[in-house]
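A short worksheet on the structure shown next.
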Amino acid sequence: MKLKLKNVFLVYFLVSLSGLLYALLQLGQPCDCSPHLRAAADHLRRKDLKISQLQAELGRPPPAPAQPPEPEALPVIYVVTPTYARLVQKAELVRLSQTLSLVPRLHWVLVEDAEGPTPLVSGLLAACGLSFTHLVALTPKGQRLREGEPGWVRPRGVEQRNRALAWLRGKEAAVGGDREPPPPGARGVVYFADDDNTYSRELFEEMRGTRGVSVWPVGLVGGLRFEGPRVQGGQVVGFHTAWEPERPFPLDMAGFAISLPLLLSRPGAQFDPTAPRGHLESSLLSHLIDPKDLEPRAANCTRVLVWHTRTEKPKMKQEEQLQRQGRGSDPSVEV
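In full-length UniProt numbering, the protein residues as written are 1 to 335.
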């Protein structure tokens, strides 16, 4: 039994020694590891390439934003504004002029209800920085509002707007600013903007592409929150209004713009000073277009971008009292 155990241990020792010697010999043998090394090298190269690409992108300037059309390529918007002398006249015109100054390619046609140009309006126009034309047209005495009459009794600004139309057609001389009307074939849009309204500058970009007559809602008018066209499928199908909805064009003066070529192609189209109440806009538009062909703007007439606001008439009781005492405000200070 002892001899057998000795033999077993001897065999185990020899086998272990042989395994150790084999392992030592293998350490010195060359190993064919090239496929693994090549794969690792390729992986590193791909990583280096990606890093280089990212570094190049970081160093590259950002892409330039899309540039708007050159101003010279835009149709000119001719904004027609009738105005008359009153205490708030300058305040209204300053506010409007500063809105208009935000709009590129705009020409202001300001028409005074006066016998001749006044220093207040002439001075304001010269200082406003806008391209402008200064016209004058005196409202006939029989068409003027009488003291105490509400504004809706008689159409206002008729003579002044028609004088602007005559200038655009080359039939009326200007008293200041750009005296030459648009050249034949000029692209443009005509918009009637009273001096007591409030305008978003977005409105002017909405109307710039007008092909015939474009329309939109007007806020705070007609006793409603807003008044304007009703649109279905991109077409005007009616009008949201409370007063005489059967009018041909139940629109506010601030609620439409006209393509200049269309206006010039209809030389007889103008405002009728004898039009019934609320029909002044229709007296012009009826000569230009059918209601179904109106072009809805302002997100299919769902956005209000102009408001029929009015400046409160200032109360001058204290001024009158000081004047009676010979201490009135200096009349040479332009207000």
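Glycine included, each C-beta is placed from N, C-alpha and C at the ideal position. This one's a predicted model, so the numbers in the text were calculated from it and none came from an experiment.
From the options, residue whose alpha carbon lies closest to that of residue i
{"i": "W307", "options": "G278, P291, Q53 and G255", "result": "G255"}
{"i": "K292", "options": "F239, A127 and L100", "result": "F239"}
{"i": "V221", "options": "K50, M253 and L138", "result": "M253"}
{"i": "D194", "options": "T99, K47 and P296", "result": "T99"}
{"i": "P184", "options": "E244, G170, E206 and L124", "result": "G170"}
{"i": "G219", "options": "A298, S265, L264 and R156", "result": "A298"}
{"i": "R230", "options": "P217, R247 and L224", "result": "P217"}
{"i": "P155", "options": "E227, F271 and D290", "result": "F271"}
{"i": "I77", "options": "Q89, L285, P117 and S131", "result": "S131"}
{"i": "E249", "options": "V237, T133 and G326", "result": "It should be pointed out that residue 249 corresponds to Phe in this sequence rather than to Glu. Among V237, T133 and G326, the Cα nearest to that of F249 is on V237."}
{"i": "S214", "options": "R179, V94 and Y191", "result": "Y191"}
{"i": "V136", "options": "E227, T81 and K90", "result": "T81"}
{"i": "L305", "options": "E281, R266, G228 and P245", "result": "G228"}
{"i": "L260", "options": "L288, R146, R144 and V158", "result": "L288"}
{"i": "C301", "options": "K315, Q235 and L102", "result": "Q235"}
{"i": "V94", "options": "H43, L125, V189 and L294", "result": "L125"}
{"i": "E202", "options": "G328, D42 and R303", "result": "R303"}
{"i": "S101", "options": "L87, A127, A39 and V335", "result": "A127"}
{"i": "K315", "options": "V88, L74 and G157", "result": "V88"}
{"i": "R277", "options": "L263, L264, A257 and P245", "result": "P245"}
{"i": "V189", "options": "R179, M207 and E180", "result": "M207"}
{"i": "L285", "options": "L251, W167 and L96", "result": "L251"}
{"i": "R187", "options": "A91, L263 and L280", "result": "L263"}
Range covered by the alpha helix (DSSP H) that runs through residue i
{"i": "G123", "result": "P119 to A127"}
{"i": "S286", "result": "Careful: S286 lies outside any alpha helix (DSSP H) and carries neither H nor E."}
{"i": "P261", "result": "L260 to S265"}
{"i": "Q321", "result": "K317 to R324"}
{"i": "R230", "result": "No alpha helix (DSSP H) contains R230, which is instead part of the beta strand (DSSP E) from L224 to Q232."}
{"i": "V158", "result": "V158 to L168"}
{"i": "A299", "result": "A298 to C301"}
Residue i classed as buried or exposed, judged by whether at least 16 other C-beta atoms fall within 10 angstroms
{"i": "A242", "result": "exposed"}
{"i": "V79", "result": "buried"}
{"i": "D330", "result": "exposed"}
{"i": "L3", "result": "Low per-residue confidence applies at L3: pLDDT is 49, beneath 50, and the placement is therefore not dependable enough to give any value."}
{"i": "A85", "result": "exposed"}
{"i": "E159", "result": "buried"}
{"i": "E147", "result": "exposed"}
{"i": "G123", "result": "exposed"}
{"i": "P140", "result": "exposed"}
{"i": "T210", "result": "buried"}
{"i": "Q182", "result": "Strictly speaking, residue 182 in this sequence is Pro, with Gln absent from that position. Buried, by the Cβ-count rule."}
{"i": "L294", "result": "buried"}
{"i": "H43", "result": "exposed"}
{"i": "L106", "result": "buried"}
{"i": "E334", "result": "exposed"}
{"i": "I51", "result": "exposed"}
Element boundaries [beta strand (DSSP E), containing residue i]
{"i": "L102", "result": "That residue, L102, is in no beta strand (DSSP E); it is neither H nor E in DSSP."}
{"i": "V189", "result": "G188 to F192"}
{"i": "Y136", "result": "Checking the sequence shown, residue 136 turns out to be Val, not Tyr. S131 to V136 is the span of the beta strand (DSSP E), which, as asked, contains V136."}
{"i": "V236", "result": "Q235 to H240"}
{"i": "V215", "result": "V213 to V215"}
{"i": "E145", "result": "This sequence places Leu at residue 145; Glu is not what is there. Element bounds for L145: n/a, residue is neither H nor E."}
{"i": "L251", "result": "Looking at the DSSP string, L251 is not in any beta strand (DSSP E), and its letter there is neither H nor E."}
{"i": "L220", "result": "V218 to V221"}
Residue-level contact to chain C via CB, residue i, 7 Å cutoff
{"i": "E172", "result": "In the structure shown, chain C cannot be found, because there is only a single protein chain."}
DSSP beta-bridge partners of residue i
{"i": "V80", "result": "V109 and F192"}
{"i": "W307", "result": "T198 and G219"}
Counting Cβ pairs, one atom from each stretch, are 3 or more of them under 8 Å apart for the region 113-125 and the region 175-189? yes
Tell me whether the region 157-165 and the region 103-113 touch, counting them as touching only if at least three CB pairs, one residue from each stretch, are closer than 8 Å. yes
Sufficient close CB pairs (3 or more, under 8 Å) joining the region 309-319 to the region 196-213: yes
Any chance the region 256-275 sits against the region 310-326, with 3 or more Cβ pairs inside 8 Å? no
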